[in-house]
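Peer 1: Numbering (our numbering), first residue to last: 4 to 98.
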Amino acid sequence: MKKTIEYCRAHNIAFRLFITPISSPLAERLRPYGYFQRKAEVAADVRSLLKPGETLDHFSDIAAFDGDPKGFYDGAHIDEANALRLTTRLLSSPH
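1. Rounded to the nearest angstrom, what separates Glu-31 and Thr-7 at their Cα positions?
2. So what does Phe-75 bridge to, in DSSP terms?
3. Please list the segments of the alpha helix (DSSP H) lying wholly inside the segment 37 to 75, counting only runs of 4 or more residues, in order along the chain.
4. Does Phe-62 pass the burial test, meaning 16 or more other C-beta atoms within 10 Å, or should it be called exposed?
5. Tell me the rounded alpha-carbon separation between Phe-75 and Phe-39.
6. Count the other CB atoms, across all protein chains shown, that sit within 10 Å of the CB of Leu-89; report buried if there are 16 or more and exposed otherwise.
7. Among the residues of its own chain, which have a CB less than 7 Å from the CB of Ala-79, if the five just before and after it don't count?
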């Protein structure tokens, strides 16, 4: 990711970084394997790469984009309605 961010900066390419959601039941099943700790570590690692004015949108919790908890095809893939909500929130947030 670091190389991609550096490339974008070097070529004046705007970029948006965001963490995608997984369903609450899947997240809870992954808890014993350190999911929540790893999610926090990844977010911190990504934020450490960012310069002032660059942000990370954290959509791992569907409440962050008013998503529907039932709007998953499986535990990791959001349906069209949730994708529209996420995309709308992502593109409407100031950057």
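Don't be surprised by glycine CBs; every beta carbon is placed ideally from N, CA and C.
Peer 2: This is what the structure holds:
1. Counted from its first residue, the sequence shown places residue 31 at position 28. Counted from its first residue, the sequence shown places residue 7 at position 4. Distance between the alpha carbons of Glu-31 and Thr-7: 31 Å.
2. Your numbering for residue 75 matches position 72 in the sequence shown. Answer is Ile-81.
3. 38 to 52
4. Stepping through the sequence shown from its first residue, residue 62 is reached at position 59. Phe-62 comes out buried.
5. Position 72 of the sequence shown, counted from the start, is the residue given in the question as residue 75. Position 36 of the sequence shown, counted from the start, is the residue given in the question as residue 39. About 19 Å.
6. Translated into positions along the sequence shown, residue 89 becomes position 86. Buried, by the Cβ-count rule.
7. Start at 1 with the first residue of the sequence shown, and residue 79 comes out as number 76. For Ala-79, where only same-chain residues beyond five positions count, the Cβ hits under 7 Å are Ile-25, Leu-29.
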